[in-house]
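Shown next, in structure tokens, is the structure this report addresses.
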Amino acid sequence: VTGKRWTQLRSQSRVVAVVDLNLKGTGQVFFQENSLTGMLFLLGIAYGAVAAKTPQVLVGAVIGLLVSTITAIVLQPDEPSLRKGLYGYNGVLVGAALPTFLGITPMLWFYLVVASAASTVVFMATATVCKTWGVPALTFPFNLVNWIFLMGAFQFTRLRTTDLNPGQFPSQVTGAAAHIDITPGFLVEALLKNIAQVFLINNAITGAIFVVALLVSSVWAGVFALGGSALAIGASLAMGAPVPDILNGLYGFSAVLTAVALGCVFYTPSLRVAVFAVFGVLVTVAIHSMLVSALTPVSLPPGTAPFVFATWLFLLPKKKFDPVQHEYLPNGAAEPGQLMQAKTINSLTPQHQKENQ
Amino acid sequence: VTGKRWTQLRSQSRVVAVVDLNLKGTGQVFFQENSLTGMLFLLGIAYGAVAAKTPQVLVGAVIGLLVSTITAIVLQPDEPSLRKGLYGYNGVLVGAALPTFLGITPMLWFYLVVASAASTVVFMATATVCKTWGVPALTFPFNLVNWIFLMGAFQFTRLRTTDLNPGQFPSQVTGAAAHIDITPGFLVEALLKNIAQVFLINNAITGAIFVVALLVSSVWAGVFALGGSALAIGASLAMGAPVPDILNGLYGFSAVLTAVALGCVFYTPSLRVAVFAVFGVLVTVAIHSMLVSALTPVSLPPGTAPFVFATWLFLLPKKKFDPVQHEYLPNGAAEPGQLMQAKTINSLTPQHQKENQ
Amino acid sequence: VTGKRWTQLRSQSRVVAVVDLNLKGTGQVFFQENSLTGMLFLLGIAYGAVAAKTPQVLVGAVIGLLVSTITAIVLQPDEPSLRKGLYGYNGVLVGAALPTFLGITPMLWFYLVVASAASTVVFMATATVCKTWGVPALTFPFNLVNWIFLMGAFQFTRLRTTDLNPGQFPSQVTGAAAHIDITPGFLVEALLKNIAQVFLINNAITGAIFVVALLVSSVWAGVFALGGSALAIGASLAMGAPVPDILNGLYGFSAVLTAVALGCVFYTPSLRVAVFAVFGVLVTVAIHSMLVSALTPVSLPPGTAPFVFATWLFLLPKKKFDPVQHEYLPNGAAEPGQLMQAKTINSLTPQHQKENQ
Numbered sequence: 010v011t012g013k014r015w016t017q018l019r020s021q022s023r024v025v026a027v028v029d030l031n032l033k034g035t036g037q038v039f040f041q042e043n044s045l046t047g048m049l050f051l052l053g054i055a056y057g058a059v060a061a062k063t064p065q066v067l068v069g070a071v072i073g074l075l076v077s078t079i080t081a082i083v084l085q086p087d088e089p090s091l092r093k094g095l096y097g098y099n100g101v102l103v104g105a106a107l108p109t110f111l112g113i114t115p116m117l118w119f120y121l122v123v124a125s126a127a128s129t130v131v132f133m134a135t136a137t138v139c140k141t142w143g144v145p146a147l148t149f150p151f152n153l154v155n156w157i158f159l160m161g162a163f164q165f166t167r168l169r170t171t172d173l174n175p176g177q178f179p180s181q182v183t184g185a186a187a188h189i190d191i192t193p194g195f196l197v198e199a200l201l202k203n204i205a206q207v208f209l210i211n212n213a214i215t216g217a218i219f220v221v222a223l224l225v226s227s228v229w230a231g232v233f234a235l236g237g238s239a240l241a242i243g244a245s246l247a248m249g250a251p252v253p254d255i256l257n258g259l260y261g262f263s264a265v266l267t268a269v270a271l272g273c274v275f276y277t278p279s280l281r282v283a284v285f286a287v288f289g290v291l292v293t294v295a296i297h298s299m300l301v302s303a304l305t306p307v308s309l310p311p312g313t314a315p316f317v318f319a320t321w322l323f324l325l326p327k328k329k330f331d332p333v334q335h336e337y338l339p340n341g342a343a344e345p346g347q348l349m350q351a352k353t354i355n356s357l358t359p360q361h362q363k364e365n366q
Numbered sequence: 010v011t012g013k014r015w016t017q018l019r020s021q022s023r024v025v026a027v028v029d030l031n032l033k034g035t036g037q038v039f040f041q042e043n044s045l046t047g048m049l050f051l052l053g054i055a056y057g058a059v060a061a062k063t064p065q066v067l068v069g070a071v072i073g074l075l076v077s078t079i080t081a082i083v084l085q086p087d088e089p090s091l092r093k094g095l096y097g098y099n100g101v102l103v104g105a106a107l108p109t110f111l112g113i114t115p116m117l118w119f120y121l122v123v124a125s126a127a128s129t130v131v132f133m134a135t136a137t138v139c140k141t142w143g144v145p146a147l148t149f150p151f152n153l154v155n156w157i158f159l160m161g162a163f164q165f166t167r168l169r170t171t172d173l174n175p176g177q178f179p180s181q182v183t184g185a186a187a188h189i190d191i192t193p194g195f196l197v198e199a200l201l202k203n204i205a206q207v208f209l210i211n212n213a214i215t216g217a218i219f220v221v222a223l224l225v226s227s228v229w230a231g232v233f234a235l236g237g238s239a240l241a242i243g244a245s246l247a248m249g250a251p252v253p254d255i256l257n258g259l260y261g262f263s264a265v266l267t268a269v270a271l272g273c274v275f276y277t278p279s280l281r282v283a284v285f286a287v288f289g290v291l292v293t294v295a296i297h298s299m300l301v302s303a304l305t306p307v308s309l310p311p312g313t314a315p316f317v318f319a320t321w322l323f324l325l326p327k328k329k330f331d332p333v334q335h336e337y338l339p340n341g342a343a344e345p346g347q348l349m350q351a352k353t354i355n356s357l358t359p360q361h362q363k364e365n366q
Numbered sequence: 010v011t012g013k014r015w016t017q018l019r020s021q022s023r024v025v026a027v028v029d030l031n032l033k034g035t036g037q038v039f040f041q042e043n044s045l046t047g048m049l050f051l052l053g054i055a056y057g058a059v060a061a062k063t064p065q066v067l068v069g070a071v072i073g074l075l076v077s078t079i080t081a082i083v084l085q086p087d088e089p090s091l092r093k094g095l096y097g098y099n100g101v102l103v104g105a106a107l108p109t110f111l112g113i114t115p116m117l118w119f120y121l122v123v124a125s126a127a128s129t130v131v132f133m134a135t136a137t138v139c140k141t142w143g144v145p146a147l148t149f150p151f152n153l154v155n156w157i158f159l160m161g162a163f164q165f166t167r168l169r170t171t172d173l174n175p176g177q178f179p180s181q182v183t184g185a186a187a188h189i190d191i192t193p194g195f196l197v198e199a200l201l202k203n204i205a206q207v208f209l210i211n212n213a214i215t216g217a218i219f220v221v222a223l224l225v226s227s228v229w230a231g232v233f234a235l236g237g238s239a240l241a242i243g244a245s246l247a248m249g250a251p252v253p254d255i256l257n258g259l260y261g262f263s264a265v266l267t268a269v270a271l272g273c274v275f276y277t278p279s280l281r282v283a284v285f286a287v288f289g290v291l292v293t294v295a296i297h298s299m300l301v302s303a304l305t306p307v308s309l310p311p312g313t314a315p316f317v318f319a320t321w322l323f324l325l326p327k328k329k330f331d332p333v334q335h336e337y338l339p340n341g342a343a344e345p346g347q348l349m350q351a352k353t354i355n356s357l358t359p360q361h362q363k364e365n366q
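Residue numbers (this note's numbering), protein chains in the order written: chain D, 10 to 366; chain L, 10 to 366; chain U, 10 to 366.
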């Protein structure tokens with residue numbers, strides 16, 4: 010199916026148009042408005058889910074994608090964003106995440122539908138707030154919904170949280186975790202797994218499919234994804250993060266998204282931008298480690314929240330701005346108002362008494 | 010006292026005018042600018058507090074109401090909001106909550122006065138921030154102040170946190186909690202207790218008084234309160250939430266507020282709005298469960314924060330909006346500035362050197 | 010070196026100009042754009058760090074200051090703020106904090122450089138957000154970066170978190186903590202230590218140097234710092250906070266900053282403003298206690314976050330504002346859009362089909 014043929018198909022059938030919308034939604038997880046990229050992402054998820062004997066992750070991802078997109082069609086937000094798939098990328102992640110972390114019970118699927126629909130509302134809410142400062146919502150909606158519904162599951166007997174880590178206090182990681190021999194093969198696997206884990210898949214082949222999916226849409230996206238992945242592996246190995254987690258791609262998937270976002274989506278590639286993205290990746294690794302520690306007592310995984318927070322921090326600063334200075338701010342509540350205090354109380358006085366004054 | 014007679018009384022006496030202000034403040038907990046509603050709310054609180062032999066809850070609520078209103082009169086914010094009671098509804102809740110969760114010591118009352126006064130400042134701060142996106146402050150100020158002063162109490166020997174649950178890690182609720190026989194009588198009680206618990210009262214009669222108070226002001230408010238309550242009971246029973254908590258109204262009081270807010274206050278009632286409100290109630294139940302889990306390690310109750318967060322998420326999305334896209338954002342800090350880097354360093358050079366250049 | 014002579018020196022040498030920038034950055038921790046104040050602050054830090062045999066705190070502070078300022082020069086934000094030292098005051102605190110709470114390992118210094126550079130980006134991000142409501146970023150960037158990098162350290166074998174308290178659930182402080190005899194000498198020490206602890210130094214002489222540093226720049230700053238310190242001691246003793254912590258200045262350093270900020274920086278001093286600042290200090294003490302409790306499970310210290318949150322809450326309320334009311338909000342997502350639902354789905358229909366209609 011060439012690009013031209015696809016455009017033709019899409020223009021001939023409403024079904025294909027809606028499928029196109031959903032594929033672009035999947036592609037937008039990596040900021041790519043590209044149906045082929047989205048199709049390859051779904052293929053990679055399918056491969057990884059089947060290989061790990063967790064087909065529920067694929068089923069969940071597809072349900073999440075459809076439900077979040079349909080919710081958007083019903084709520085009728087701006088059509089250009091709908092066409093670009095912005096109302097699907099959080100849903101597909103919610104749909105992949107809940108069956109990854111929660112046990113499969115009948116009620117899980119109802120829960121997943123509500124969560125996926127909620128992801129569209131949360132996206133619209135987040136985008137409204139973020140627009141004030143000209144930054145995108147990123148996957149904040151996915152992360153918020155994921156945390157709400159994972160944590161909420163503890164209170165419902167018809168759901169199972171048995172795959173979440175039991176709560177504990179944060180403790181210093183010790184060198185014992187580093188006794189794995191790090192071979193070049195392991196490093197290549199980690200390089201690819203970092204990319205696969207963006208969709209919660211722990212599989213190097215899936216990662217390779219994802220790289221192809223990115224290259225199809227944007228060479229820079231592929232380059233920055235691999236670069237961010239390599240840098241995250243280097244930085245976390247150098248700092249002594251737990252080696253098994255590094256090799257499973259857990260220390261790099263947020264970094265991959267930060268690298269692509271800062272390196273070639275929201276800025277145009279240049280040496281200066283690349284240095285900025287390197288800095289952003291290091292901060293992403295730090296925020297990831299922080300969230301791993303901070304969420305230990307409540308059994309939550311950090312998801313892609315490190316990417317969201319780091320990318321926001323690196324997009325919010327503007328080239329030219331004028332911060333509020335350390336000096337007198339007019340119009341504060343502590344100042345005497347235009348009405349004297351007595352007058353305010355007076356203003357609560359009945360009208361006829363005022364007239365008598 | 011008919012409405013007309015009350016208006017007449019209010020216009021004859023400053024005391025009655027201030028009392029009116031405070032009653033409306035109480036009514037505004039349910040978004041009702043209605044003195045009679047507020048009076049019935051206080052009556053319901055009085056009944057429940059006396060029945061439970063916790064008169065301190067009534068005393069606290071009245072002190073909190075007066076202190077927060079007086080603080081507003083001193084700070085002189087916008088008078089229309091003052092007259093409508095917007096500076097009282099957080100204070101009355103702070104005043105009811107602290108004596109519910111903290112032991113009664115002399116220092117508690119000083120603490121409660123500071124907290125109630127703070128609730129007015131926090132309301133003004135929250136409203137300033139929320140206005141940016143055209144959403145109301147809701148009871149966020151109450152919840153923030155409540156959490157600050159409950160958690161703070163652990164560090165003070167002159168306060169007692171003995172009624173808060175000891176901290177523990179979140180754990181999966183098991184079916185054992187569901188062995189209570191759920192009779193129709195229990196369900197009717199829960200339906201009313203959900204409404205009473207908005208003011209932290211665990212009493213069905215109080216709930217009935219509150220329903221009357223709502224109907225006096227707005228039939229829709231009464232209908233959506235009962236509808237939200239019923240839906241929350243149904244959803245939480247279906248998911249398998251702890252039955253004793255459901256029957257005590259703990260799984261529904263935030264949902265009741267969400268239903269009223271979305272169903273008939275900030276939207277005008279219609280089928281479409283009702284469906285939206287149903288969705289909002291389901292998300293409120295999920296957020297409530299999430300906060301119950303997440304706050305377990307720090308011994309805090311979720312308060313009405315689930316209502317606040319869910320209602321914000323459902324009010325922020327706008328019919329027509331244009332989110333920031335996944336594309337190049339101009340004017341970011343990573344771009345070369347108008348001044349070259351060398352120039353910036355140069356600009357730090359003394360003036361006379363520049364002149365010599 | 011008189012002020013005139015300094016200005017002359019600064020105008021003769023680029024090195025002195027950059028030193029000036031860094032000294033002002035240190036002074037801005039207390040909102041003072043004054044090189045001499047900054048120099049005395051560094052002197053006080055040096056004295057305290059050497060006296061406690063922790064020279065790493067001084068070294069870290071200087072590195073943090075330089076790195077954050079250089080990062081700002083590279084990113085080229087607004088030059089007036091750069092000249093005033095606004096890009097240094099968070100870095101100097103990050104640099105003092107990390108070696109205070111983390112063990113000294115070679116990797117710590119690399120970690121500290123990344124954190125200090127990040128503090129500049131976080132400052133720019135925070136200032137962009139805060140500007141929307143006309144409030145300053147305060148030391149939020151320091152606190153956020155501090156928390157990220159302290160919590161993150163748990164996950165890295167090349168860092169040591171052994172000086173952080175082990176995680177535990179919050180527990181009620183008991184009277185046993187109060188058995189220390191409180192002598193006037195202790196109180197004077199606490200009065201000064203409250204001020205020294207702003208830079209994480211537990212030393213009364215350092216506090217005295219800091220008071221001189223403030224008086225050099227602004228008499229009101231010195232007065233409000235001492236007043237805020239005294240009030241915090243009084244309030245926390247009255248409430249029964251742990252006496253050793255009070256005497257070590259831990260219950261007052263945020264209060265000192267709140268008092269200066271509200272009393273004479275962002276408002277102009279008056280009786281009304283002083284009363285407002287007193288209220289702000291009480292709320293700061295409550296927020297400090299709250300954060301001590303809430304952060305117990307994750308081993309974090311509250312830093313100056315209580316000052317930041319309290320000061321924001323007391324600066325956000327405006328004299329004249331018009332909050333969003335409890336009434337119908339137009340343009341919400343739940344309303345029927347201009348396009349009917351069928352039309353939206355229709356709009357996804359291929360163009361040629363539309364033409365045929």
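Backbone N, C-alpha and C fix where the C-beta goes; we use that ideal spot for every residue, glycine too.
Which of the three DSSP states, helix, strand or coil, is assigned to residue i?
i: G341 of chain D; result: strand
i: K62 of chain U; result: coil
i: K327 of chain D; result: strand
i: I210 of chain L; result: coil
i: Q347 of chain D; result: Note on Q347 of chain D: pLDDT 49, under 50, position unreliable in the model; no value is reported.
Output, in chain order, the set of chain D residues within a Cβ distance shorter than 7 Å of residue i.
i: T137 of chain U; result: W142, L325, P326, K327 and F330
i: G312 of chain U; result: In chain order: nothing, as chain D lies at least about 14 Å away.
i: G184 of chain L; result: T166
Would you mind working out which of the options sits nearest residue i, comparing C-alpha positions?
i: I2 of chain U; options: U:P179, U:A250, U:G258 and U:G341; result: Nothing can be reported for residue 2 of chain U: it is not among the residues displayed for chain U, which extend from 10 to 366.
i: G94 of chain D; options: D:I214, D:F262, D:S180 and D:F39; result: D:F39
i: I72 of chain D; options: D:A126, D:L84, D:A60 and D:R281; result: D:A126
i: N212 of chain L; options: L:E198, L:V221 and L:L224; result: L:E198
i: L338 of chain D; options: U:F208, U:V252, U:P145 and U:V83; result: U:P145
i: H335 of chain D; options: U:K62, U:A136, U:I82 and U:I79; result: U:A136
Buried or exposed: residue i, going by 16 or more other Cβ atoms within 10 Å of its Cβ?
i: H361 of chain L; result: At H361 of chain L the pLDDT is 46, less than 50, meaning the model places this residue with poor confidence; the figure from the coordinates comes in the next sentence. The residue is exposed, with fewer than 16 neighbouring Cβ atoms inside 10 Å.
i: K352 of chain U; result: At K352 of chain U, the pLDDT of 44 sits below 50, so the modelled position is not reliable; the number obtained from the coordinates is stated separately. The residue in question, K352 of chain U, is exposed, as its Cβ has fewer than 16 Cβ neighbours within 10 Å.
i: V269 of chain U; result: buried
i: Q177 of chain L; result: exposed
i: I255 of chain D; result: buried
Quick one: list the residues of chain D neighbouring residue i, beta-carbon separation under 9 Å, in chain order.
i: D87 of chain U; result: K329, F330, D331 and P332
Which residues of chain L have a Cβ atom closer than 8 Å to the Cβ of residue i, listed in chain order?
i: L95 of chain D; result: P332, Q334 and H335
Using the beta-carbon of each residue, which ones in chain U are nearer than 7 Å to residue i?
i: V265 of chain L; result: Neighbours of V265 of chain L on chain U: none; closest Cβ ~15 Å, over 7 Å.
ask   = Taking three-plus beta-carbon pairs below 8 Å as touching, is the region 316-324 of chain U in contact with the region 18-30 of chain L?
value = no
contact_flag[the region 26-34 of chain D, the region 89-103 of chain D] where n(CB pairs < 8 Å) is 3 or more = yes
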